[in-house]
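Following my numbering, the numbering of the sequence shown begins with 6 at its first residue and continues without gaps.
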Amino acid sequence: MKMGTALIYDEEMTKYKLLWVDPACKIEVPERLIVSYEALVKSGLADRCVSIPVREATEAEILLAHSEEYLEAVKKTPFMHLEELMTFTQKYGDVYFHPNIYHCAKLAVGATLQLVDNVMTGKVRNGMALVRPPGHHSQSSAANGFCVFNNVAIAAQYAKKHHKAKRVLIVDWDVHHGQGVQYCFEDDPSVLYFSWHRYEHQSFWPNLKESDFDNVGSGKGAGFNVNVPWNKVGMGNSDYLAVFFHVLLPVAYEFSPDLVFICAGFDSAIGDPEGHMSATPDIFAHLTHLLMNLADGKVCAVLEGGYNLTSLAQSVCQTVQTLLGDPAPRPAQLGGACESALESIHSARSIHKKYWSCLQHAAAPFPEEPSSKLRRLAQQGGSQGPEGDAGGDAQREEPEKVEEKEEEEIVWPEPLRRVAPSLRSALLLPDAAECPDGCARFSPAHGPGPLERARLRKSYLKESEDEASVTLLYNLTALLGQMEKNEIRNGLALVPDVSMAATLLTSASLSKRVLLVWVGEGPVPSQIIEEEKTLVVHIDSMEPHEAQSKYYIPIPLKKGCGDTAGVVQAVLGLLLPLGYQYEPGLVLLARPPRCQVEGGLWQQLTCLLQGLALGHTLVLLQENETAPVGITASALLGNPAPSLGPLVAPGPEDVGSFEGLRLRLQTDWPLLQTTAPEKR
Ligand SMILES: CC(O)(O)NCCCCNCCCN
Ligand SMILES: [Zn+2]
6 MKMGTALIYD
16 EEMTKYKLLW
26 VDPACKIEVP
36 ERLIVSYEAL
46 VKSGLADRCV
56 SIPVREATEA
66 EILLAHSEEY
76 LEAVKKTPFM
86 HLEELMTFTQ
96 KYGDVYFHPN
106 IYHCAKLAVG
116 ATLQLVDNVM
126 TGKVRNGMAL
136 VRPPGHHSQS
146 SAANGFCVFN
156 NVAIAAQYAK
166 KHHKAKRVLI
176 VDWDVHHGQG
186 VQYCFEDDPS
196 VLYFSWHRYE
206 HQSFWPNLKE
216 SDFDNVGSGK
226 GAGFNVNVPW
236 NKVGMGNSDY
246 LAVFFHVLLP
256 VAYEFSPDLV
266 FICAGFDSAI
276 GDPEGHMSAT
286 PDIFAHLTHL
296 LMNLADGKVC
306 AVLEGGYNLT
316 SLAQSVCQTV
326 QTLLGDPAPR
336 PAQLGGACES
346 ALESIHSARS
356 IHKKYWSCLQ
366 HAAAPFPEEP
376 SSKLRRLAQQ
386 GGSQGPEGDA
396 GGDAQREEPE
406 KVEEKEEEEI
416 VWPEPLRRVA
426 PSLRSALLLP
436 DAAECPDGCA
446 RFSPAHGPGP
456 LERARLRKSY
466 LKESEDEASV
476 TLLYNLTALL
486 GQMEKNEIRN
496 GLALVPDVSM
506 AATLLTSASL
516 SKRVLLVWVG
526 EGPVPSQIIE
536 EEKTLVVHID
546 SMEPHEAQSK
556 YYIPIPLKKG
566 CGDTAGVVQA
576 VLGLLLPLGY
586 QYEPGLVLLA
596 RPPRCQVEGG
606 LWQQLTCLLQ
616 GLALGHTLVL
626 LQENETAPVG
636 ITASALLGNP
646 APSLGPLVAP
656 GPEDVGSFEG
666 LRLRLQTDWP
676 LLQTTAPEKR
């Protein structure tokens, strides 16, 4: 399994800057790269990465996304003196030129292509290119928004051409809309471009109509462009995760890319003068984690924006540390997405429901919102509608102008250190079963004393049980104890009785909250359900029925856990939001006998759940079913789960029961919400 995270950086890319007064461009300074790289060095993360040298892109590579005229024009800039550079710059918007920027722009593209080569040839698993100038605003014949060449657009074309990539996903979490990327792949169904961006009903830069949610791509590319506009500032961690759970991830898993780019702009983090958002740097650890099981883990993060030097450096470190496989920090106090974010989520899901089967159950536009753009589009059959249709907009109240507040000092807590236990995965296996390489067979420092034996026997075993069962239970509690002391990250246990083991662990856990994910036939022991410190999410083919309690959530799948598409949508749209909101200290993943979940999906589930509880995941497998041991161990060791391939539609009846479940639960679990509470 390929390992390693590439870090591609060269200080030559700091060697250009603004040479005249221009308020729009003064934030794009060389220090952006310097503080980011220094933070990676200081934190020890740089040394853990595979350092890959940059190179200059060739002209042919630049022409993958730019016109010859534009390239010829930019080639002249190194020889221009100040006035000529200023005149040349006037042709474009919110960008500046410098005698060395052409050289740096070629290095930024070259660095990105180096990252693609090393990831696509398996020399590394994933990586990050720390580059400037950024790229996602530049267009075929135009520089724009501090961007000269479109690093990621060129790299996506390059990956298709030279590495036979079939489906490329670009996730643009920069706070600005990468219109250059959108234009480049407008009608290309092999590149799915996702972007959220500060929009404020078109009143925020670059003030484009085509940045709104109803721009879905055109021709064969319809559906492969997903815009989530932020119509208010102050969006936070819950808003970002809600968009991932309810818009991006379902579509991304259905698309099933063989390569993922992140247009990693960190001006979407708190403190940024451009974004004015509230999400904290640690959220990028979770966003990165949630993308790392796509494309067999082939993720290329490429720096775009980010202008607060403190949150930029912290966010870069959070991203790289996750690419390296360290446990993600605990997401603090998540709630539901705010009303404005829910409107954006609802709009994006509704406009894309005709393109993505995972969104089929996305609610139809609200009837009582005559002024909503969505409503009007629905009347026109969900098409983009004629350009001139300003009818509905006219009814819309004037968008309130967001006064850029005085730059008051915004502060936030520094992200907590993320310490990976020395031992990652411990396995509790019967002596007969062999231990997959890379794992350690768990054996506690000392065995149970007579009192301990008696207690375990009395609480969990029928008198008749043999000594071996007592020892196993004792070993389970010892393994749990070492996990909860963060001496071991995660574990796997082969047990004779999954129910009994789960009952023991939920009661023995010292965590205030335990998430038990039960995948397959029940019943889940009632003792666990009554344990109020445990949230049980039960995925199986049971008949839909009222959730008995807030802490027992059955997710019914008509065709049972063998229905991969159904399980994926249940995990992404229901289980993960519940888990993130619950914020458990321990995650138990129980696989009862005769579980139908297929291997790759089981690995996806085991990997995704590791984003919770500092990675403390304990998997319980039925002793006589050893088949999943190897793949579960692989996932626990941090190997990316295999790509599931393009997904079909989840069954309509499941779709209905998911929606019913969401509506019933979202009051208690607001992160499940996908639509704004209907206007009273
Ligand atoms: C890569 C990027 O997306 O971060 N570029 C952002 C360009 C912003 C242009 N407008 C600046 C106005 C200054 N208040
Ligand atoms: Zn930006």
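Ideal Cβ placement from N, Cα and C applies to all residues, glycine included.
Contact between the region 37–54 and the region 308–318 is present: three or more C-beta pairs spanning the two stretches fall below 8 angstroms. Per DSSP, Ala459 lies in no beta strand (DSSP E); the unbroken alpha helix (DSSP H) holding it starts and ends at Pro455 to Tyr465.
Cβ neighbours of Ile533 within its own chain (closer than 7 angstroms, five residues either side excluded): Ala507, Thr508, Thr511, Leu521, Thr539 and Val541. By the 16-neighbour rule on beta-carbons within 10 angstroms, Asn212 is exposed.
Of the heavy atoms belonging to ligand 2, at least one sits nearer than 8 angstroms to the Cβ of Val180. Between Ile350 and Thr680, the gap from beta carbon to beta carbon is short of 9 angstroms. C-alpha of Met91 to C-alpha of Cys109: approximately 18 angstroms in a straight line. When DSSP assignments are scanned along the region 212–255, the uninterrupted stretches of beta strand (DSSP E) that are 3 or more residues long and fall wholly within it turn out to be 230–235. Here Arg53 carries a helix assignment [DSSP, helix/strand/coil]. The residues Gln323, Pro334 and Pro420, in chain order, have a CB closer than 6 angstroms to that of Asp287 in the same chain once the five nearest residues on each side in sequence are set aside. The Cβ atoms of Val55 and Ala11 lie closer than 9 angstroms to each other. Not one heavy atom of ligand 1 falls within 8 angstroms of the beta-carbon of Asp673.
Cβ atoms of His181 and Gly270 come within 8 angstroms of each other, at about 7 angstroms. Taking the CA atoms as reference points, Ile67 sits about 35 angstroms from Val238. The region 155–162 and the region 182–193 touch, with no fewer than 3 CB-CB distances between them shorter than 8 angstroms. At least one heavy atom of ligand 1 lies less than 8 angstroms from the C-beta of Tyr312. By the CB criterion at 9 angstroms, His168 and Leu264 fall inside the cutoff. Here Ser273 carries a coil assignment [DSSP, helix/strand/coil].
Remark: three or more beta-carbon pairs, one from each stretch, lie closer than 8 angstroms, so the region 248–262 and the region 564–579 are flagged as touching. At least one heavy atom of ligand 2 lies less than 8 angstroms from the C-beta of Pro139. Taking the Cβ of Gly661 as the reference point, every heavy atom of ligand 1 lies at 8 angstroms or farther away. Ranking Asp272, Ala638 and Gly584 by CA distance to the CA of His202 puts Asp272 first. For Val129, the secondary structure class from DSSP, reduced to helix, strand or coil, is coil. Assigned with DSSP and collapsed to three states, Val325 falls in helix.
With a cut-off of 8 angstroms, the C-beta of Glu205 is classified as distant from ligand 2, since no heavy atom of the ligand falls inside that distance. According to DSSP, residue pairing for Phe199 in a beta bridge involves Val176 and Val231.
C-alpha of Gln608 to C-alpha of Val573: approximately 12 angstroms in a straight line. Judged by the Cβ position, Pro234 fails to qualify as a neighbour of ligand 1 at the 8 angstroms threshold, every heavy atom of the ligand being at least this far. Not one heavy atom of ligand 2 lies closer than 8 angstroms to the C-beta of Glu73. By the criterion of at least three beta-carbon pairs nearer than 8 angstroms, the region 590–600 is in contact with the region 625–632. Judged by their CB atoms, Asp219 and Leu382 are nearer to each other than the 9 angstroms cut-off.
According to DSSP, residue pairing for Phe266 in a beta bridge involves Ile175 and Cys305. Boundaries around Pro559 are those of the beta strand (DSSP E), Tyr557 to Pro561, since no alpha helix (DSSP H) includes it. In this structure, Leu308 places its C-beta atom within 9 angstroms of the C-beta atom of Arg137.
Here Ala632 is exposed: its Cβ has fewer than 16 other Cβ atoms, across all protein chains shown, within 10 Å. Close CB contacts of Leu484 within its chain, under the 8 angstroms cut and outside five residues either way in sequence, are with Ala431, Leu433, Phe447, Pro449, Ile493, Gly496, Ala498 and Leu623 (chain order).
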